[in-house]
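**Q** Here it is: the structure, laid out below.
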Amino acid sequence: MKRILAFSFAAIGWFAIVAQYVLMLGNRVTSVGEATIRFFSFFTVLTNIWVALYFSFRVFGTKHRKSSIHSGGTLTALTVYITVVGLGYQILLRHLWKPTGLQRLVDELLHSVIPILVILYWYWYERTTDIHFRQITGWLLYPFVYLIYVLIRGSYSG
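Start counting the sequence shown at 13; every next residue gets the next number (this note's numbering).
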């Protein structure tokens, strides 16, 4: 069951990411290159890619227990990141626009469905005995690097 869920979550994630990219390219007012850079500038997109990669590796990757994908806390870190995506969107951004059609589906997948699925998967399958307080510093690396990137990019792009 765990493998079936991981496959399903990976498929949902990759569908949502690719569909969002296609939609963004279809609505762009800049070059494909600039639109692609903007696409990969969203914490939502990057975090959903991390989540899709995680579940893809759970299905197709190594079975070696010492790989980082199987290490304690990896799923917990991803769950924290995707929860921030979900809550941030629901609290700060949802009221700002009303997407329709495929954009609405993709929007709900990226900001609501996938965060809930990851939280449930974490609740059902994460071995909390493998999570240690000292791991928090490592978990903060991704959001910290993202923050630096956004600040630098923002200073150049306005």
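In this text, a Cβ means the ideal position worked out from N, Cα and C, and glycines have one as well.
How many Å lie between residue 26 and residue 70 at the Cα?
**A** Taking the first residue of the sequence shown as position 1, residue 26 is located at position 14. Taking the first residue of the sequence shown as position 1, residue 70 is located at position 58. One C-alpha to the other measures close to 14 Å.
**Q** Return helix, strand or coil for residue 85, following the three-state DSSP convention.
**A** To locate residue 85, count along the sequence shown from 1; it is residue 73. Coil at residue 85, not helix or strand.
**Q** Which first and last residues belong to the alpha helix (DSSP H) in which residue 50 is found?
**A** Within the sequence shown, the letter at position 38 stands for residue 50. It spans 44-51 - the alpha helix (DSSP H) in which residue 50 sits, taken as one unbroken run.
**Q** What does the Cβ neighbour count give for residue 56, buried or exposed, with the cut at 16 atoms within 10 Å?
**A** By one-based count along the sequence shown, residue 56 stands at place 44. Classification of residue 56: buried, given that the 10 Å Cβ count is 16 or more.
**Q** Just curious, the alpha helix (DSSP H) that residue 127 is in, first and last residue?
**A** The count along the sequence shown starts at 1 and reaches residue 127 at position 115. Its alpha helix (DSSP H) spans residues 126-137.
**Q** Taking 8 Å as the threshold (C-beta atoms), are residue 87 and residue 134 in contact?
**A** Here residue 134 refers to the residue found at position 122 when the sequence shown is read from its first residue. Here residue 87 refers to the residue found at position 75 when the sequence shown is read from its first residue. The answer is yes: Cβ separation under 8 Å.
**Q** Can you name, in chain order, every residue of its own chain whose Cβ lies under 8 Å from the Cβ of residue 24, other than the five neighbours on each side?
**A** If you number the sequence shown from 1, residue 24 lands on position 12. Within the same chain, residue 24 has close Cβ partners 121, 125, 126, 129.
**Q** Out of 85, 169, 163, 96, which one is the CA nearest neighbour of residue 138?
**A** The count along the sequence shown starts at 1 and reaches residue 138 at position 126. For the residues 85, 169, 163, 96, the minimum Cα distance to residue 138 belongs to 85.
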